[in-house]
Structures are given as structure tokens and as C-alpha cells.
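Novice: Take this structure, written in C-alpha cells, and hold onto it; I'll ask about it next.
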Ligand SMILES: CC(=O)N[C@H]1[C@@H](OP(=O)(O)OP(=O)(O)OC[C@H]2O[C@@H](n3ccc(=O)[nH]c3=O)[C@H](O)[C@@H]2O)O[C@H](CO)[C@@H](O)[C@@H]1O
Ligand SMILES: C=C(OP(=O)(O)O)C(=O)O
């Protein structure tokens with residue numbers, strides 16, 4: 001196991017290139033199961049979630065070849081191999097094997113997913129959708145069993161706006177007989193990206209990116225080539241890092257419109273940002289103002305940027321209130337930030353941050369992916385060295401983060417943990 005060490009106080013300068021979107025990638029790979037020939041996906045991020053999903057595709061009989069950032073996935077010999085345990089528990093998005101395998105084989109056995117623990121993360125809306133399409137769904141000892149004689153299009157109203165349920169239902173419905181309408185659908189850019197891949201495969205989908213998606217099922221889907229969108233959460237994280245500790249940082253390969261809720265808040269804080277077509281240029285602001293933030297479903301402020309932004313707000317003048325309406329308990333980073341001298345109270349689903357404090361390097365633990373990002377933001381600003389364990393969470397979603405930050409001038413490196421540190425980490 002490794003830990004990350006960050007020596008704070010070094011100014012960031014230069015250019016960073018954003019990788020392909022994790023939350024697209026983790027749906028695009030399972031979507032390839034639905035094709036009858038090779039699917040080529042370009043621009044994938046080098047993250048452990050992509051690696052884990054590639055192994056899972058191979059476990060069910062697929063062939064996966066990697067050429068730099070491109071994967072060639074041949075699904076022709078895949079079977080409805082049950083995946084009740086093992087790698088499916090390592091990430092959240094293994095739930096997309098449910099929709100994709102149900103669509104192709106009309107059956108699937110998939111263990112309940114892992115991923116970041118952000119409080120309860122039910123999948124009742126996914127199951128509601130599969131049942132509406134005609135599947136029988138049971139939960140047996142932590143694995144979901146899905147079976148259908150045939151899938152039939154249906155009208156499905158999501159009681160909760162869910163990214164995962166919207167994509168999962170789309171994956172099954174593209175091969176159902178007749179028309180499916182998903183109402184109160186999530187509208188994230190990643191949903192449009194998955195719909196674009198499915199459409200290139202021959203699916204008939206209208207309305208992805210709005211809250212009503214209409215799908216006309218087809219008999220077969222063919223192989224195709226697809227280029228992934230850039231990761232708006234990774235881009236947002238580097239923008240926050242630049243606001244925290246940057247002099248002049250160019251963030252390349254972004255779709256600025258995908259980042260509007262963050263950019264609006266950063267401007268309110270007084271961070272000078274120039275927007276190009278595919279780039280953001282972040283300058284150093286003289287002082288940072290406090291702001292209040294409420295996470296909301298897209299196009300509102302994304303919950304995945306709440307944790308990194310909270311770290312930045314420790315530097316702004318005054319008091320900021322950050323409320324997470326998507327995951328009311330997504331505050332595991334707060335105790336760790338407090339170890340670094342941050343003054344933050346959690347009240348219900350809000351964090352109240354007293355700004356203008358000097359952070360001090362400390363030994364901290366990343367309990368989940370964005371908590372890890374938040375601790376790196378804090379570490380970049382802190383006096384002295386911050387030691388971050390739980391790096392495997394960070395590696396699920398940030399490609400080459402040490403190299404990218406070193407290139408910007410940060411002093412950040414990895415070290416192997418001693419046996420004693422590993423034991424302490426496992427018991428904490
Ligand atoms: C792999 C992936 O894309 N992960 C993202 C996805 O997670 P994920 O798709 O799991 O998140 P959802 O959009 O489904 O969850 C949104 C809210 O709906 C609730 N809910 C969800 C499904 C369900 O069946 N029942 C239910 O009650 C959740 O508990 C949560 O409060 O969207 C989240 C919200 O933007 C992001 O934080 C994650 O980074
Ligand atoms: C919560 C996240 O990921 P996942 O849904 O894969 O756990 C995230 O990307 O912040």
C-alpha cells in the first residue's frame with residue numbers, strides 16, 4: 001500500500017491536461033457488452049475503475065485490448081457468467097453490468113456494488129426500472145439476480161433523480177421490445193455520452209440530457225468507435241487546486257459549459273478565470289470571499305466537487321456554508337481537515353466553514369475518492385508536509401495525479417507504507 005505526501009506552499013504554474021471522464025468510462029465499458037462486434041473507446045482515463053471493469057469484461061468472456069488510452073472490446077464471446085463477488089465489490093459502477101447483461105442475455109447475477117461510501121446508496125430505482133421492463137429481480141445473499149423471458153418497453157418515472165438508474169435503464173431498454181420512456185431522468189453530460197455511444201451502436205434514443213428520455217428498442221447493436229468526453233470533476237478539482245495555490249494554471253481539454261456551477265461560485269469567491277473553447281486559465285486572486293453552496297442534481301452544483309471546494313473555503317475570508325442535498329453524510333473529509341487546523345462544524349447536511357485559517361500539514365486518511373482530492377487541495381496550501389493514506393480511493397478516479405501536479409510545480413510524491421502503517425490504517 002502507498003501513501004501520498006504533499007509539501008505545501010509551492011505555487012502551481014503551467015498546464016494540465018484533463019483525462020476522459022470516469023463516470024462516462026465506467027458506463028461506456030459495460031455498454032460494450034450490448035454490441036455484436038468490436039467496440040473501440042478512445043480517450044479513457046488511466047484509473048483503477050477502468051482497469052477493474054476491463055477485468056470484469058474479460059471474466060464474462062470478452063477480449064479487451066489496450067492501446068494507450070484506447071480500449072478495443074470484443075464482446076462476441078461473452079456469456080451471462082454470474083459475477084456475485086470479487087471485483088464487482090471494488091467499485092460503484094459494476095451495477096451497469098446489470099442493465100447491460102440484462103439487455104443482451106436477459107439474465108444477470110451481479111454482486112451489490114462497492115464504490116465510495118457516502119452514506120446509504122440504494123439501487124431501488126434501478127430495480128424499479130428493470131422490473132418495469134419485465135425482469136424478475138431478487139436479492140440473494142448480497143447479489144442481485146435478474147431474469148426476463150423478454151424485455152418490453154415501459155413508461156418509468158424515477159422517484160429520485162439518479163444518474164446510475166437512468167443509465168442502467170437505458171442499457172436494458174435499448175434492446176427491449178417497443179418504446180421505453182424514462183421520466184424524471186438525470187441530465188448529466190455523462191448520460192449524453194453513453195447515449196451517444198449506444199446510438200453509434202445502432203440504438204434509437206431521444207432526449208438524453210433532458211429529463212425525459214425516449215428509447216425505441218432494437219434487435220441488434222453493432223460495434224463502433226467512440227471518443228469519451230473530458231472529466232468535468234477532474235477538471236473542477238484542478239481548477240480548485242489552481243484557485244488554492246496557483247499563480248497561472250491552464251486547464252486543457254475541458255468543456256467549460258460542464259463546469260458552469262463551479263465557475264460561477266469561484267468567480268463569486270473572487271477567482272479570476274478566463275474561459276476558452278476547450279481550456280480554462282485560472283489566475284491568482286488577491287483574496288477569496290466566502291460563499292454558500294448547495295449541491296443539487298445536474299445542472300446544479302455537483303456533489304463530487306463539494307469536498308474539494310470545502311478545503312478551498314478554509315482560505316476564504318468569512319464563514320461559508322456548504323450543504324449537500326444529494327448525500328447528506330458526505331462529510332468524512334471534515335474530521336481530517338480539522339486535523340490540519342481547519343475550523344469546520346457539521347450540522348445536519350451542512351458544513352460551516354470559518355475561513356482564513358492557516359492549514360498545517362498532518363497525517364490524514366482519504367476515506368473516499370473526493371475526500372482524497374479535498375485533502376490534496378488542503379495539503380497544497382498547508383504549512384509543512386501532509387501525509388495522506390487511502391490512496392487507492394484517489395486512484396479510482398484521478399489519472400496520474402502525482403505526475404500532473406508535479407508538472408505544475410507541486411512537491412507531491414508517493415511512498416510505500418510500512419507494515420505498521422498498513423496495520424494502523426486497516427484498524428482506523
Ligand atoms: C459512477 C457514477 O456515475 N457515480 C456518480 C453517480 O453515482 P450514482 O449513480 O450512484 O448516484 P445517483 O445519481 O444514483 O444518486 C443520487 C441520489 O439518489 C439516491 N438514489 C439513487 C439510486 C436509487 O436507486 N435510489 C436512490 O435513492 C442516492 O442515494 C443519492 O442520494 O452520481 C452521483 C451523484 O451525482 C455522483 O456522486 C457519483 O460520482
Ligand atoms: C462518488 C463517486 O464515485 P462512485 O459513484 O464511483 O463511488 C465520485 O466519483 O465522486
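Residue numbers (full-length UniProt numbering): 1 to 428. Think of the CB as a built atom: it goes at the ideal place given N, C-alpha and C, for glycine as much as any other residue.
#1: Could you give the uninterrupted runs of the beta strand (DSSP E) lying entirely in the stretch 178-257, keeping only those of 3 residues or more?
#2: Given the structure, does residue 159 come close to ligand 3, in the sense that its CB is under 8 Å from one of the ligand's heavy atoms?
#3: Return helix, strand or coil for residue 341, following the three-state DSSP convention.
#4: Based on the DSSP secondary-structure assignment, which residues constitute the bridge partners of residue 365?
#5: Just checking my contact of residue 397 with residue 89 at CB under 8 Å: how many whole Å lie between their CB atoms?
#6: Using 9 Å as the threshold, is the C-beta distance between residue 501 and residue 231 below it?
#7: Quick one, which of 253, 114 and 301 has its alpha-carbon nearest residue 188's?
#8: At 4 residues or longer, what runs of the alpha helix (DSSP H) sit wholly inside the stretch 248-327?
#9: Starting from the Cα of residue 360, find the closest Cα among 312, 373, 339 and 368 and give me that residue.
#10: Exposed or buried, which one is residue 175 when buried takes at least 16 other CB atoms within 10 Å?
#11: For the putative contact between residue 100 and residue 30, defined by C-beta atoms under 8 Å, what is the C-beta separation to the nearest angstrom?
#12: Using the three-state DSSP reduction, which class does residue 154 fall into: helix, strand or coil?
#13: Can you tell me which of 122, 140 and 317 puts its alpha carbon nearest to the alpha carbon of residue 111?
#14: Can you tell which of 401, 363, 310 and 278 has its C-alpha closest to the C-alpha of residue 389?
#15: For a test of the three-state rule: what should DSSP assign to residue 372, helix, strand or coil?
#16: Taking residue 37 as the reference, which of 305, 400, 399 and 221 has the closest Cα?
#17: Compare the beta carbon distance of residue 237 and residue 308 with 9 Å and say whether it is the shorter of the two.
#18: Does the stretch 304-318 come close enough to the stretch 262-278 to have 3 or more Cβ pairs within less than 8 Å?
#19: Between the alpha carbons of residue 329 and residue 76, how many angstroms are there, rounded?
#20: Starting from residue 350, follow its DSSP beta bridges and name the residues at the other end.
#21: Need the endpoints of the beta strand (DSSP E) that residue 111 sits in, please.
#22: Could you check what DSSP says for residue 27 in three-state terms: helix, strand or coil?
#23: Taking the beta strand (DSSP E) that residue 2 belongs to, which residues open and close that run?
#24: Does the beta-carbon distance from residue 213 to residue 182 come in below 9 Å?
#25: Quick check on residue 173: buried or exposed, where buried means 16 or more other Cβ atoms within 10 Å of its Cβ?
#26: What are the residues that DSSP puts in a beta bridge with residue 143?
#27: When every heavy atom of ligand 2 is checked, does at least one fall within less than 8 Å of the C-beta of residue 23?
#28: Does the distance between the C-beta of residue 393 and the nearest non-hydrogen atom of ligand 1 fall short of 8 Å?
#29: How far does the alpha helix (DSSP H) with residue 436 in it extend, from its first residue to its last?
#30: Starting from residue 74, trace the beta strand (DSSP E) in both directions and tell me its first and last residue.
#31: Exposed or buried, residue 196, counting other C-beta atoms within 10 Å across all chains shown (16 or more means buried)?
#32: At 4 residues or longer, what runs of the alpha helix (DSSP H) sit wholly inside the stretch 43-93?
#33: Using a threshold of 8 Å, is the CB atom of residue 303 nearer than that to any non-hydrogen atom of ligand 1?
#34: Within the present structure, is the beta-carbon of residue 236 separated from the nearest heavy atom of ligand 1 by less than 8 Å?
#35: Tell me, which residues are paired with residue 414 by DSSP?
#36: Given 8 Å as the limit, tell me if residue 366 has its C-beta closer than that to any heavy atom belonging to ligand 2.
Specialist: Reading it off the structure:
#1: 179-183, 204-206, 212-216, 225-227 and 246-252
#2: In the structure shown, ligand 3 is absent; the only ligands present are ligand 1 and ligand 2.
#3: coil
#4: 389
#5: Not quite, the Cβ-Cβ distance comes to about 17 Å (not below 8 Å), so this is no contact.
#6: Absent from the structure is residue 501, since the part of the chain shown begins at 1 and ends at 428.
#7: 301
#8: 260-269 and 306-313
#9: 339
#10: buried
#11: 4 Å
#12: coil
#13: 140
#14: 363
#15: helix
#16: 221
#17: yes
#18: yes
#19: 42 Å
#20: 323 and 347
#21: 107-111
#22: helix
#23: 2-7
#24: yes
#25: buried
#26: 111 and 140
#27: yes
#28: no
#29: Residue 436 is absent from the structure shown; the chain starts at 1 and stops at 428.
#30: 70-74
#31: buried
#32: 48-59
#33: yes
#34: no
#35: 4
#36: no
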